[in-house]
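Here the structure comes first, spelled out in C-alpha cells, and everything after it is commentary.
In our numbering, the protein residues as written are 60 to 222.
Following this line, the structure appears as C-alpha cells:
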C-alpha cells in the first residue's frame, strides 16, 4: 500500500495569496476560502458610521503629544483634542469619549507593496472582530484599522458616552 502526500503551494487566505506574506494565525483560519473582495468587505469596510476626517499632531515638552481630530459619527462632525503618548492611545481615547470605544486585543503590522498593513483584533461590548487596513505609512494604517474595527463592532449600536 502506498501513500501519496500532496503539498499545496497556494495559501488558503486571500491576503497571503495577494501579498505572499502571512497574516495572524487566528485571522488566517477565519478568512480561509474568502475571495479578496469578500475579505475586504468583512475586515476592511470602506463605509461605516464612523470616519476620521482630520488628524494632526503637535509635540509637547512632557513627552506627550497633542492630537487634534475630527470624528464624523453618522454624518455629524465632532472635533476634539487629546493629549496622549501615541496615536493609538489618542484615537482610543477619542472613540471612548464618543461612546464608540473599542479595545485593541491584538495588533500586527507588516510591510506590503502598497505600504503598511495593520491587523487589529478589537472588542466592543463583549463582541470581538478582526479589522484590517493598508496605507502608505504605519500610523495611518493603524488609525484606519481601528476605525474599521469600530465600524464593524458598533454597526448596529448607537455610540453612547460612557457613564
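A virtual CB, placed ideally from N, CA and C, is assigned to each residue, including glycine.
A quick note: this is a predicted structure, and the numbers were derived from the prediction, not measured.
| request: May I have the straight-line CA-CA distance separating residue 184 from residue 125, to the nearest angstrom? | output: Walking along the chain shown from the start, residue 184 turns up at place 125. Walking along the chain shown from the start, residue 125 turns up at place 66. So the two alpha carbons sit approximately 28 Å from each other.
| query | With DSSP run on the structure shown, which of helix, strand or coil describes residue 130? | reply | The count along the chain shown starts at 1 and reaches residue 130 at position 71. In the displayed model, residue 130 falls within a strand according to three-state DSSP.
| query | Taking Cβ positions, are residue 205 and residue 147 nearer each other than 9 Å? | reply | Against the chain shown, residue 205 aligns to sequence position 146. Against the chain shown, residue 147 aligns to sequence position 88. Yes, the pair counts as a contact, with Cβ atoms nearer than the cut-off.
| query | With residue 163 and residue 141 assumed to form a contact (beta carbons below 8 Å), what rounded beta-carbon distance in angstroms separates them? | reply | Translated into the one-based positions of the chain shown, residue 163 becomes position 104. Translated into the one-based positions of the chain shown, residue 141 becomes position 82. Rounded, the Cβ-Cβ distance is 16 Å, inconsistent with contact.
| request: Compare the Cα-Cα distances from residue 79 to each of 197, 196, 172 and report the closest residue. | output: In the chain shown, counting from the first residue as 1, residue 79 sits at position 20. Out of 197, 196, 172, 172 has the C-alpha closest to the C-alpha of residue 79.
| query | Between 123, 135, 111, 170, which lies nearest to residue 150 when the distance is taken from Cα to Cα? | reply | Here residue 150 refers to the residue found at position 91 of the chain shown. It is 111 whose Cα lies nearest to the Cα of residue 150.
| message | Can you list, in chain order, the residues of its chain with a C-beta nearer than 6 Å to that of residue 197? Leave out the 5 residues immediately preceding and following it. | response | Your numbering for residue 197 matches position 138 in the chain shown. 168, 175, listed in sequence order.
| message | Let me confirm a value: residue 136 is counted as buried when at least 16 other C-beta atoms fall within 10 Å, else exposed. Which label applies? | response | By one-based count along the chain shown, residue 136 stands at place 77. By the 10 Å Cβ count, residue 136 comes out exposed.
| Beta-carbon separation of residue 104 and residue 123 under 9 Å? | Here residue 104 refers to the residue found at position 45 of the chain shown. Here residue 123 refers to the residue found at position 64 of the chain shown. Not a contact, by the Cβ cut-off of 9 Å.
| said: Using only the alpha-carbon positions, how far apart do residue 139 and residue 107 sit? | reply: Translated into positions along the chain shown, residue 139 becomes position 80. Translated into positions along the chain shown, residue 107 becomes position 48. Taking the straight line from one Cα to the other gives about 20 Å.
| query | Alpha carbon to alpha carbon, how far is residue 83 from residue 90? | reply | Working through the chain shown from its first residue, we reach residue 83 at position 24. Working through the chain shown from its first residue, we reach residue 90 at position 31. So the alpha carbons of these two residues sit roughly 11 Å apart.
| request: Following the continuous alpha helix (DSSP H) through residue 152, name the residue where it begins and the one where it ends. | output: For the purposes of this step, residue 152 is identified with residue 93 of the chain shown, where counting begins at 1. Segment 146 to 156, the alpha helix (DSSP H) holding residue 152.
| request: Please name the residue in 73, 158, 199, 170 whose C-alpha comes closest to that of residue 97. | output: In the chain shown, counting from the first residue as 1, residue 97 sits at position 38. With distances taken between Cα atoms, residue 97 lies closest to 73.
| message | Threshold first: 3 residues or longer. Then list the beta strand (DSSP E) segments lying entirely within the segment 65 to 99, N to C. | response | The DSSP assignment places no complete beta strand (DSSP E) segment of no fewer than 3 residues inside the segment 65 to 99.
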